[in-house]
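There are 2 protein chains.
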Amino acid sequence: MSGMRDLWQSSSVLLTVDLVILTLREDRLHVLLVERGHEPHQGAFSLPGGFLRDRSEDILAAAARELSEEAGLDAGTLHLEQLAVYGDPGRDPRGRVVSVAHLAIAPRLPEPVAGTDAADARWTPVDQVLDTSLPLAFDHLRIVIDGVERACAKLESTALATAFCGPTFTLSELQRVYEAVWDTRLDARNFYRKVQGVRGFVIPAGPTRKTEGGRPARLFRAGPTTVLYPPMVRPDRTERGEDQ
Amino acid sequence: MSGMRDLWQSSSVLLTVDLVILTLREDRLHVLLVERGHEPHQGAFSLPGGFLRDRSEDILAAAARELSEEAGLDAGTLHLEQLAVYGDPGRDPRGRVVSVAHLAIAPRLPEPVAGTDAADARWTPVDQVLDTSLPLAFDHLRIVIDGVERACAKLESTALATAFCGPTFTLSELQRVYEAVWDTRLDARNFYRKVQGVRGFVIPAGPTRKTEGGRPARLFRAGPTTVLYPPMVRPDRTERGEDQ
DNA sequence: GGCACTTCTTGTCGATCAGACAAGAAGGTA
DNA sequence: TACCTTCTTGTCTGATCGACAAGAAGTGCC
Chain A
9 MSGMRDLWQS
19 SSVLLTVDLV
29 ILTLREDRLH
39 VLLVERGHEP
49 HQGAFSLPGG
59 FLRDRSEDIL
69 AAAARELSEE
79 AGLDAGTLHL
89 EQLAVYGDPG
99 RDPRGRVVSV
109 AHLAIAPRLP
119 EPVAGTDAAD
129 ARWTPVDQVL
139 DTSLPLAFDH
149 LRIVIDGVER
159 ACAKLESTAL
169 ATAFCGPTFT
179 LSELQRVYEA
189 VWDTRLDARN
199 FYRKVQGVRG
209 FVIPAGPTRK
219 TEGGRPARLF
229 RAGPTTVLYP
239 PMVRPDRTER
249 GEDQ
Chain B
9 MSGMRDLWQS
19 SSVLLTVDLV
29 ILTLREDRLH
39 VLLVERGHEP
49 HQGAFSLPGG
59 FLRDRSEDIL
69 AAAARELSEE
79 AGLDAGTLHL
89 EQLAVYGDPG
99 RDPRGRVVSV
109 AHLAIAPRLP
119 EPVAGTDAAD
129 ARWTPVDQVL
139 DTSLPLAFDH
149 LRIVIDGVER
159 ACAKLESTAL
169 ATAFCGPTFT
179 LSELQRVYEA
189 VWDTRLDARN
199 FYRKVQGVRG
209 FVIPAGPTRK
219 TEGGRPARLF
229 RAGPTTVLYP
239 PMVRPDRTER
249 GEDQ
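Protein sequences appear in the order of chains A and B.
In this text, residue positions in the first sequence follow this note's numbering: the first is 9, and each later residue adds one.
In this text, residue positions in the second sequence follow this note's numbering: the first is 9, and each later residue adds one.
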């Protein structure tokens, strides 16, 4: 067995963090993309992210830092979790670069992008990414696919949907989150009762108003529960079509 | 912005793969552990795993290689998936070592451990690990916790349970998988109908026999479905206990 | 104010599903 | 054959889900 020095020589890798930052804009799911300013893939769009600053930086901390630097968002206020690792040997022409992708959820309508370092960041409808009408650098398409799928899944079993909303929200706002992420339509009346039937999902926050045009809605905040019981099941998509 | 050379100097890391290999032995969930032969944590138990062999090795391939080298199991025959990344800066005294943990599921009763390189590997009941009566090296306790939780969750929504069984199995064998992983009891009669109600979960494999002592059971093989619809929901654990 | 309009909230109803349990089927063994 | 074990099929009851009606509570317009 060779020593540690040989190990470093032969098999150390560079670590990056990449961010799939999702939010809702005009009731559609958007992801934050940046235009790359230099090679490789200069001019193409990619997920925000970057290299570990130094060997002592924690990975999640690096993700939070990139969230701030490249997106102008404060990690303390939004949901941030590890998504997966992408380490295919050929994914980056600069050498062996392994990326730890993260999923972040931003509350609705953060300004199009703060006037920060990364003014070239823009919210893009995920549809445009998923149908490949807007190609991404590296393997970032796959990362977005996985991130959106993770979000879809966690909407069912966890309180992640509240992360798309502000500190208080109405139930129809919450419903629009589900509809946008799942790309489906839900019955407002059943949704209303279902959400309130989940223990600790949402708790009333004053009998206040907020909507416009119709009857004012009650406000809620996120409850203490992180895993939903019973879960919010998304409607069957296969629709009796002889599976396969 | 500094060049690539500085980046490598300052922030490259060593990558390892670690394996949470689960199986069923005597109807209890077990995880494969190895006794460490050298520092750090010499003599302690840890998950099987090791460093990336070289810079060109794919991560999943490295996991498959360790599966073979350290556990004597063939990655082609069993379920193997990425679990998560553990990269806390202080987790390994040898320097910045980032581990990509994987979850593997072995069919029931692979021999206690083949007479391979790692003869010091042994199947250990996960209870003993989770209640910390058997301490693990590094942050491997956390990795085991996350791996078991992942297995529990995927039993609900995917056909992962069949990976615990051989190529053919009876429904009561499958039931014992659920009972062991979830640590719960299920009604055999309802389970029987429920499993068969899930489209493409299991398909009959000859009206053969297999069990002993009672009426022979029908044999099944895993079906084409990977995501279960409707899902197998695990019984509510909170049991009307004023949530908290 | 009265009226139309919007959206929120509560009710109801039938189909479907989950969990409890009875009973029959199909082998082994004394 | 009598019994034991385990598998498989039925049935029943209460809970849940999705469709939809109807009432509640605001805004804006005449």
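A virtual CB, placed ideally from N, CA and C, is assigned to each residue, including glycine.
DSSP three-state assignment for residue i, whether helix, strand or coil
i, result
"residue 205/B", "helix"
"residue 248/A", "Caution is warranted here: a pLDDT of 38 is assigned to residue 248/A, below 50, making its placement in the model unreliable, and no coordinate value can be reported."
"residue 77/A", "helix"
"residue 60/A", "coil"
"residue 50/B", "coil"
"residue 94/B", "strand"
"residue 180/B", "helix"
"residue 150/A", "helix"
"residue 141/B", "coil"
"residue 18/B", "helix"
"residue 163/B", "helix"
"residue 264/B", "Absent from the structure is residue 264/B, since the part of chain B shown begins at 9 and ends at 252."
"residue 169/A", "helix"
"residue 66/A", "coil"
"residue 112/A", "strand"
"residue 213/A", "coil"
"residue 135/B", "helix"
"residue 85/B", "helix"
Cutoff 9 Å: residue i Cβ touching any chain B Cβ
i, result
"residue 255/A", "Because chain A in this structure spans residues 9 to 252, residue 255/A falls outside the shown range and cannot be described."
"residue 23/A", "yes"
"residue 103/A", "yes"
"residue 18/A", "yes"
"residue 41/A", "no"
"residue 204/A", "no"
"residue 244/A", "yes"
"residue 161/A", "yes"
"residue 252/A", "Because the pLDDT of residue 252/A is 29, which lies under 50, any placement of that residue in the model is unreliable, and the number read from its coordinates should be weighed accordingly. Residue 252/A counts as touching chain B."
Any chain A beta carbon closer than 9 Å to residue i
i, result
"residue 167/B", "no"
Neighbouring residues, chain B, relative to residue i (Cβ below 7 Å)
i, result
"residue 59/A", "15, 19"
"residue 188/A", "None at all; the shortest Cβ gap to chain B is about 22 Å."
"residue 240/A", "Simply none; closest approach about 13 Å."
Partner residues on chain B for residue i, Cβ-Cβ distance less than 8 Å
i, result
"residue 95/A", "23, 66, 67, 108"
Residue i: contacting residues in chain A (beta-carbon distance under 7 Å)
i, result
"residue 90/B", "92, 93"
Quiz item: Quick one: any contact between the segment 41-54 of chain A and the segment 187-202 of chain A, if contact means 3 or more CB pairs under 8 Å?
Solution: Per the Cβ contact rule, the segment 41-54 of chain A is not in contact with the segment 187-202 of chain A (fewer than 3 Cβ pairs under 8 Å).
Quiz item: Looking at chain B, which residues of the segment 65-82 of chain A have a Cβ within less than 8 Å of any of its Cβ atoms?
Solution: Hits within the stretch, in order: 65, 66, 67.
Quiz item: How do the segment 97-110 of chain B and the segment 28-36 of chain A stand: do at least 3 beta-carbon pairs fall below 8 Å, yes or no?
Solution: In the pairwise beta carbon analysis, the segment 97-110 of chain B is classified as not touching the segment 28-36 of chain A: fewer than three pairs are separated by under 8 Å.
Exercise. Assess, as a yes-or-no matter, whether the segment 14-26 of chain A is touched by the segment 85-105 of chain A under the definition of 3 or more beta carbon pairs within less than 8 Å.
Key: Touching, yes, given that three or more Cβ pairs across the two stretches are closer than 8 Å.
Self-check item: contact_flag[the segment 11-20 of chain B, the segment 73-92 of chain A] where n(CB pairs < 8 Å) is 3 or more
Solution: Verdict: no, contact absent.
Exercise. Kindly confirm or deny that the segment 65-84 of chain B and the segment 232-242 of chain A touch, where touching means at least three C-beta pairs closer than 8 Å.
Key: The segment 65-84 of chain B vs the segment 232-242 of chain A: no contact.
Quiz item: With contact counted as at least three CB pairs below 8 Å, one residue from each stretch, are the segment 195-213 of chain A and the segment 56-74 of chain A in contact?
Solution: Too few Cβ pairs lie closer than 8 Å, so no.
Quiz item: So does the segment 138-151 of chain A actually touch the segment 176-185 of chain A, counting three or more Cβ pairs closer than 8 Å?
Solution: Note that the segment 138-151 of chain A does not touch the segment 176-185 of chain A; fewer than 3 beta-carbon pairs, one per stretch, sit closer than 8 Å.
Quiz item: Just checking, does the segment 216-233 of chain A make contact with the segment 219-239 of chain B on the three C-beta pairs under 8 Å criterion?
Solution: Two segments are said to touch when three or more pairs of C-beta atoms, one from each, lie closer than 8 Å; by this definition the segment 216-233 of chain A does not touch the segment 219-239 of chain B.
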